[in-house]
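For what it's worth, full-length UniProt numbering labels the leading residue of the sequence shown as 1, then goes sequentially.
Built from N, CA and C at the ideal position, the CB exists for glycine as well.
A quick write-up on the structure given underneath.
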Amino acid sequence: MFYGMITSEFDCLSLCEKKVLFMGKWFSKKKLAIMFTVSMVLLMFSVALNVSAASNLIEITAYFNKSIKMVLHGKAFEPKEAGGTNILPITYKGTTYLPMRAIAEAVGLKVTWDGKTQTAYLGTTEGEVVKDQISYIKASPELGGYGPRYRLKSREPQLLTAGNGTVFEFGYFGENQAGQSEYFNTNFEYDKFKVRIWSDDNKDDNGNYEYVPDIEFTDENGISVKKIDAEYGKMYDIEIDIKDVKELKVWVRGGKSIIGEPMLGK
């Protein structure tokens, strides 16, 4: 909106004058009239938008709760704004509200805001096609893994603790000096296999290494799908294609090696 005092070239403003002085500049009456008309339209539109937005807002009294602590995947987590400022949870009538964008992005979800429709999208947006999205399930003993070696972190974490301190959520622990192997009945139904393998030592009584450590994946015919010349005391995050595999064998050398968090995806 434009504000200012209008006067003529003389002491009073006459309808017959061709120009007027506005904010220190001379304008024709026609041009000035257009400027004021446009300004009024913009002002009315702005007011309408504010009224519409206000009608969807409800005023409440809530509290930032500094006492709430958050833990993400076992580690302390503090949600932050894009500029790095901490965002506190809000407590309202016994319910805790967390900052959506910070939480979603922390767990790997893309956040998209559509200002026109006032819509927040988590993950894919409306009409967006997701290509090659893989859904994973645990490769538990029901799918062929050896049950007596299968453990859960919630029950026996000590058997799933790697030499570097990592504790797997679930997996198969090594129980003999030579190493371990697991078989999974994939039956050509899965596209991917992923796993975290801790390759640990395999020493004899004199402290010498007996075997060269390796990790190998083979199919039902014994044909190698993937082989890794592993190192002792190292973690390996592995993902392989198994579309044409009926039975997958996972072999790891080392008495303390762990086949951690194996997953089948399709």
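Ignore the nearest five residues each way along the sequence and tell me which others in residue i's own chain have a CB closer than 6 Å to its CB.
i	result
Tyr121	Thr112
Glu220	Lys246, Glu247
Would you mind sorting residue i into buried or exposed? The rule is 16 or more other CB atoms within 10 Å of its CB.
i	result
Arg253	buried
Ile259	buried
Gly147	exposed
Ala139	buried
Val250	buried
Is the beta carbon of residue i sitting closer than 8 Å to the one on residue j?
i	j	result
Asp191	Lys266	yes
Met263	Ala162	no
Tyr136	Tyr150	no
Asp229	Asp214	yes
Lys80	Ala102	yes
residue 267	Val195	Nothing in the structure corresponds to residue 267, since the chain is present only between 1 and 266.
Ala106	Leu72	yes
Met70	Phe77	yes
residue 270	Phe170	Nothing about residue 270 can be reported from this structure: the residues present for the chain run from 1 to 266 only.
Thr91	Ala62	yes
Phe217	Ile197	no
Gly174	Ser257	yes
Pro89	Ile68	yes
Give the DSSP-derived three-state secondary structure of residue i in the structure shown.
i	result
Ile103	helix
Glu231	coil
Phe45	Confidence in Phe45 is poor, its pLDDT being 47 and thus under 50, which makes the residue's placement too unreliable to answer from.
Pro89	coil
Gln180	strand
Glu239	strand
Gly74	coil
residue 270	The structure shown does not extend to residue 270, since the chain spans only 1 to 266, so no value can be given for it.
Leu98	coil
Which residues in the same chain have their Cβ closer than 7 Å to the Cβ of residue i, if we skip the five residues on either side of it in sequence?
i	result
Asn187	Lys246
Pro157	Val167
Leaving out the 5 sequence neighbours to the left and right, which residues in its chain are closer than 8 Å to residue i when beta-carbon positions are compared?
i	result
Met100	Val111, Ala120, Leu122
Any heavy atom of the ligand FMN closer than 7 Å to the CB of residue i?
i	result
Gly123	This structure simply doesn't include the ligand FMN, nor any ligand for that matter.
Check: Any contact of the stretch 182-191 with the stretch 223-231, i.e. 3+ C-beta pairs under 8 Å?
Finding: no
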